[in-house]
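The structure appears right after this line, and notes come after that.
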Amino acid sequence: MSAATDLVSSTSSFVSASPDAPGGVGTSGVGAPDAGARSNDTSHDADALLSVRDLKVHFRVPLGGYPWSPKGTLRAVDGVSFDVKRGETVGLVGESGCGKSTLARALIGLAPITAGTVQWRGEPIASGARRDARKIRREMQMIFQDPLASLDPRMTIEQVVAEPLVTHRPGIGREEVRRRVLTMLERVGLNVHHLLRYPHEFSGGQCQRVGIARALIGEPHLVICDEPVSALDVSIQAQIVNLLRDLQRELSLSYLFVAHDLAVVKAISQRVLVMYLGRVMEFGTRRDVYGAPQHPYTRALLAAAPTPEPARERARRPLLLASEMPSPLDPPSGCAFRTRCPEAIDACAREVPQPEVRGGSAARVACIRAGAAGAQR
Numbered sequence: 001m002s003a004a005t006d007l008v009s010s011t012s013s014f015v016s017a018s019p020d021a022p023g024g025v026g027t028s029g030v031g032a033p034d035a036g037a038r039s040n041d042t043s044h045d046a047d048a049l050l051s052v053r054d055l056k057v058h059f060r061v062p063l064g065g066y067p068w069s070p071k072g073t074l075r076a077v078d079g080v081s082f083d084v085k086r087g088e089t090v091g092l093v094g095e096s097g098c099g100k101s102t103l104a105r106a107l108i109g110l111a112p113i114t115a116g117t118v119q120w121r122g123e124p125i126a127s128g129a130r131r132d133a134r135k136i137r138r139e140m141q142m143i144f145q146d147p148l149a150s151l152d153p154r155m156t157i158e159q160v161v162a163e164p165l166v167t168h169r170p171g172i173g174r175e176e177v178r179r180r181v182l183t184m185l186e187r188v189g190l191n192v193h194h195l196l197r198y199p200h201e202f203s204g205g206q207c208q209r210v211g212i213a214r215a216l217i218g219e220p221h222l223v224i225c226d227e228p229v230s231a232l233d234v235s236i237q238a239q240i241v242n243l244l245r246d247l248q249r250e251l252s253l254s255y256l257f258v259a260h261d262l263a264v265v266k267a268i269s270q271r272v273l274v275m276y277l278g279r280v281m282e283f284g285t286r287r288d289v290y291g292a293p294q295h296p297y298t299r300a301l302l303a304a305a306p307t308p309e310p311a312r313e314r315a316r317r318p319l320l321l322a323s324e325m326p327s328p329l330d331p332p333s334g335c336a337f338r339t340r341c342p343e344a345i346d347a348c349a350r351e352v353p354q355p356e357v358r359g360g361s362a363a364r365v366a367c368i369r370a371g372a373a374g375a376q377r
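Start counting the sequence shown at 1; every next residue gets the next number (the UniProt record's numbering).
In structure tokens:
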């Protein structure tokens, strides 16, 4: 279970709400209603804001660690399909190295797409097209994991926040730009006194607020949050998550929320996608994934999450996984999780399970044993 525990923060400040009750963060709460999960198919949902089908991101890398070594294919993302609907938050979780950040970067054009199709607001996006990239970066923005590293140290906060607006809407006058920058800074909890300061003068939480303001200044429809709270203190994490929820309600935003902290994802997401070795293991509503997980990997992750109740924590039986995550350069045959799965059978080595609705759950599960008696908790 050592690798699985890396996925879970040791903090208990986030409320561990039941799947039937709204989640919460800190004292104000950030409950999120559940939304239905689609069955597995290859067609795009015309009503979805972002629709991804069979997306693959592969890299050719030296196998021996030297530039002249023979090259192999690293399958960072290997056939991922999902939708993000208008106004909803889709949480993306998985261990370090599962491909979740690479997937997020590929969607916004920071990593090359090897294969698959992506539709934005019902229109296909051509990989590598400059016109499409400019449009996407205007309507889809990203909040990065390290708030200080994502800000240019030579620019004032006013310049940092104004940059997307000046780039994508060059016709706006200087006074109007300044007014919009100040309005956005006030929305994220900063003020006019911060305009002429530099990033090194701010705390991590304040830098992340600046990053959020920069992402939202151009009025995007979708914001990709790449572990936006993992580098922050526990008390600041709750503030940032609550801020994101408030801004989502005010501005009708959609989020793709990448995180390794299951409590944070539960608090903010309506649907949750679980990744392992570049593949989707389970995708469903928060209620399904947290309340009745069907995939053994999802159950292992939830079992590794600490509970704030000591008596309950002592009474829990740990779900041990065999070995560590295999290398994406040499993934196992069949099911990617079979080498660590306590419920694997011989057929798991022969068949590559696709995320499908199986058993009595509405979630899409990539496990041939999902719903079987032996696969129940």
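By construction, the Cβ of each residue, glycine as well, lies at the ideal position given by its N, Cα and C atoms.
Using a C-beta cut-off of 8 Å, the segment 197-204 makes no contact with the segment 241-258, since fewer than three inter-stretch Cβ pairs fall below that distance.
One alpha carbon belongs to G334, the other to P164, and they sit about 44 Å apart.
Our two residues, Q354 and E309, have alpha carbons roughly 37 Å apart in a direct line. With respect to A238, G204 sits apart: the two C-beta atoms are not nearer than 8 Å. Assignment of V229 by DSSP, reduced to helix, strand and coil, places it in the coil class. Two segments are said to touch when three or more pairs of C-beta atoms, one from each, lie closer than 8 Å; by this definition the segment 63-73 does not touch the segment 340-350. Rounded to whole angstroms, V272 and R134 show a C-alpha spacing of 29 Å. In this structure, A115 is the residue among Q248, A115, L319 with its C-alpha nearest to the C-alpha of D78. Boundaries of the beta strand (DSSP E) harbouring S51: 50-62, taken from the DSSP string. Within the same chain, Cβ atoms closer than 7 Å to the Cβ of R180 are found at L165, I217, the five residues on either side in sequence being excluded.
Here Q141 is bridged, per DSSP, to V223. M184 is not bridged by DSSP to any residue. Per DSSP, reduced to three states, the secondary structure at V357 is strand.
In the structure shown, S254 falls within a strand segment according to DSSP collapsed to helix, strand and coil. The count of Cβ pairs closer than 8 Å, one atom from the segment 165-175 and one from the segment 208-225, reaches three, so the stretches are in contact.
By the neighbour-count criterion, in which a residue is buried when 16 or more other Cβ atoms sit within 10 angstroms of its Cβ, P112 is exposed. Listed as beta-bridge partners of F283 by DSSP are L273, R364. Residue environment: T298 is assigned as buried (16 or more neighbouring CB atoms within 10 Å of its CB, all protein chains considered). Checking the DSSP bridge columns, you'll see A115 partnered with K56.
Around the Cβ of R279, a 10 Å sphere holds 16 or more other Cβ atoms; the residue is buried.
At a Cβ-Cβ threshold of 8 Å, V223 and Q294 do not count as neighbours.
When beta bridges are read from the DSSP output, K71 appears opposite P62. The C-beta separation of V289 from M281 comes to about 10 Å, leaving the pair out of contact by the 8 Å criterion. Shortest Cα-Cα distance from S361 to any of R121, G291, N242 involves G291. Closest by C-alpha distance to V61, out of T73, E175, R316, is T73. Taking L329 as the centre and dropping the five residues before and after it, the same chain places the C-beta of G72, L74 closer than 6 Å to its C-beta, in chain order. In the DSSP secondary-structure assignment, T89 is bridged to Y255. In the DSSP annotation of this structure, the continuous segment of the alpha helix (DSSP H) that includes A315 starts and ends at 310-315. Rounded to the nearest angstrom, the gap between the Cα atoms of E343 and F202 is 49 Å. For D152 and W120, the gap between their C-alpha atoms comes out near 29 Å.
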